[in-house]
Every structure is written in structure tokens, then in C-alpha cells.
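Every position in the sequence shown, counted from 1, becomes a number in this note's numbering once 61 is added. Input: a single structure, listed below in C-alpha cells.
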Amino acid sequence: MDRLARSLVDLHTIVEDLVGRGASVRFLREGQTDSAKADPIVKLMLGLMGSVAEFERAIIKERQAEGIARAKARGVYKGRAKVLTGGQVAQARQWVADGVPKAEGPADSGSGGPPCTHIFPARRNAP
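Next up, the structure:
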């Protein structure tokens with residue numbers, strides 16, 4: 062359940078959408094099934110379990126922030142490792158300047174798509 066959504070609102074939205082499309086949602090670890098025929102107890106349990114999952118996520122984020130703050134205070138926090146080298150970033154910027162489509166440049170370089178997508182501007186009104 063905590064893998065499906067990070068907040069109670071998202072969980073209810075996703076489950077209601079799936080049930081509205083005629084699907085049943087079954088949570089294996091929790092042993093719970095939500096469907097169009099779900100009784101009020103199932104809905105209560107979904108809310109409770111979703112609230113616990115949201116609480117756990119908040120605690121994890123809080124502990125992570127504390128750990129990062131301690132590491133920064135000691136001078137050992139370096140942040141997330143870079144995915145792209147400086148040369149790859151320069152190449153991607155050149156592709157942007159040359160008007161190369163997002164799908165072509167990263168695929169040709171072997172650097173992959175998602176790491177490069179933040180370099181390419183959103184192109185609206187593109188053909």
C-alpha cells in the first residue's frame with residue numbers, strides 16, 4: 062500500500078479511479094481487497110492503513126533530513142552522485158542549441174534519456 066501512494070489523498074484517488082473502471086484492488090501484504098462492493102469496514106481499513114503509510118513516510122523523510130544535516134555539519138555530505146559528466150552536459154547543451162530533438166540526442170550518445178531531459182527546455186508548439 063505504501064508503494065502505491067505516498068499520501069492518503071493519492072491512495073484514495075488511485076483506488077477510487079481503479080474501482081471506478083471496474084477493477085478490484087488487492088493489497089497482498091495487508092490482505093485487503095477494495096472493490097465496488099467494498100463495505101464500510103474495508104474503506105475504514107484503507108484509510109487507517111493509508112494514514113499509517115503516510116506517517117511512516119513522513120518519519121523516514123524527517124530522519125533522512127536529520128542525517129543529512131549531521132553529515133553537512135561534519136563536512137562529509139557530498140549530495141547525490143552526478144549521472145552525467147561535464148562533457149555530456151556540454152554535448153546536450155550543444156544539441157539544444159542545434160535544435161536536436163530530445164529523443165535523438167541522448168539516444169545517440171549512450172547517456173540515456175532521463176538524465177538529459179532536465180537540460181532540454183520544454184518545447185511548446187513544436188511540430
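Here a beta-carbon is modelled for each residue, glycine too, at the ideal position from N, C-alpha and C.
A residue is called buried once 16 or more other Cβ atoms fall within 10 Å of its Cβ, and Q152 is buried on that count. Unbroken beta strand (DSSP E) runs of no fewer than 3 residues, entirely contained in the segment 76 to 136, are found at 86 to 88 and 93 to 95, following chain order. For A151, the uninterrupted alpha helix (DSSP H) run begins and ends at G147 to D159, by DSSP. In this model, A97 and T146 are separated by some 51 angstroms (Cα to Cα). At a Cβ-Cβ threshold of 8 angstroms, L72 and L79 do not count as neighbours.
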